[in-house]
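Counting in the working numbering, the sequence shown runs from 721 upward without gaps.
Ideal Cβ positions, reconstructed from N, Cα and C, are used throughout, including at glycine.
Everything numeric in this text was worked out from a predicted model, so none of it was measured.
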Amino acid sequence: MAEMDVALKDALQVDGAIAAAVVDHTSGMALGTVGGGHGFDITVAAAANTEVLRAKLRTMDLLGLREKIEDILVTLGSQYHLIRPVAGPAGHGLFIYLALHRDRANLALARHQLRMIEQRLEV
């Protein structure tokens with residue numbers, strides 16, 4: 721199991737990574753962040769993307785869907801934003817947020833790497 725700092729460092733090693741965070745989706749507070757800068761405030765992005773996750777969870781509840789979210793992808797013109805809830809009892813209420821440069825990232829590989837990071841995460 722990887723501690724949060726190690727997991728965040730690993731996330732920043734994903735090709736094209738801009739920034740990453742481990743976020744509490746109940747409060748919107750980032751428990752740890754790495755990267756960002758140059759006009760990309762990872763703390764603001766992490767808090768704002770909490771609303772994306774909450775909206776999807778509400779929608780699933782309204783639809784009666786009893787499934788778990790593996791990840792959520794937001795595709796922008798120049799970036800990918802991945803939101804991956806942390807599974808298991810230790811990760812209850814947490815998600816990993818990863819922002820990537822679209823032109824430098826391999827989306828399938830990034831999703832796979834984020835899944836591996838999430839499985840090793842120890843909070």
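Exposure label - Gly-757; buried when at least 16 CB within 10 Å: That one is exposed.
By a C-beta neighbour count over all protein chains shown, 10 Å radius and 16 as the cutoff for buried, is Val-742 buried or exposed? buried
Val-772 and Ile-792 look like a contact to me (Cβ under 8 Å); what is the Cβ gap, rounded to whole Å? 6 Å
Could you tell me the alpha carbon to alpha carbon distance between Ala-731 and Ala-807, rounded to whole angstroms? 17 Å
Looking at the strands, I want to know which residues DSSP matches up with Gly-755. Ala-739
Can you tell which of Ser-798, Arg-786, Met-836 and Thr-770 has the C-alpha that lies nearest to the C-alpha of Gln-748? For the sequence presented, residue 748 should be read as Gly rather than Gln. Cα-wise, what sits closest to Gly-748 is Thr-770.
In whole angstroms, what separates the C-alpha of Met-780 from that of Arg-804? One Cα belongs to Met-780, the other to Arg-804, and the distance between them is close to 16 Å.
Taking Ala-819 and Ile-738 to be in contact with their CB atoms under 8 Å, please state how far apart those CB atoms are, rounded to whole angstroms. Right, their Cβ atoms sit about 4 Å apart.
Which residues in the same chain have their Cβ closer than 8 Å to the Cβ of Ile-837, if we skip the five residues on either side of it in sequence? Ala-722, Ala-727, Asp-730, Ala-731 and Ile-816
Is Ala-804 helix, strand or coil by DSSP? The sequence given here places Arg at residue 804; Ala does not occur at that position. Under the three-state reduction of DSSP, Arg-804 is assigned to strand.
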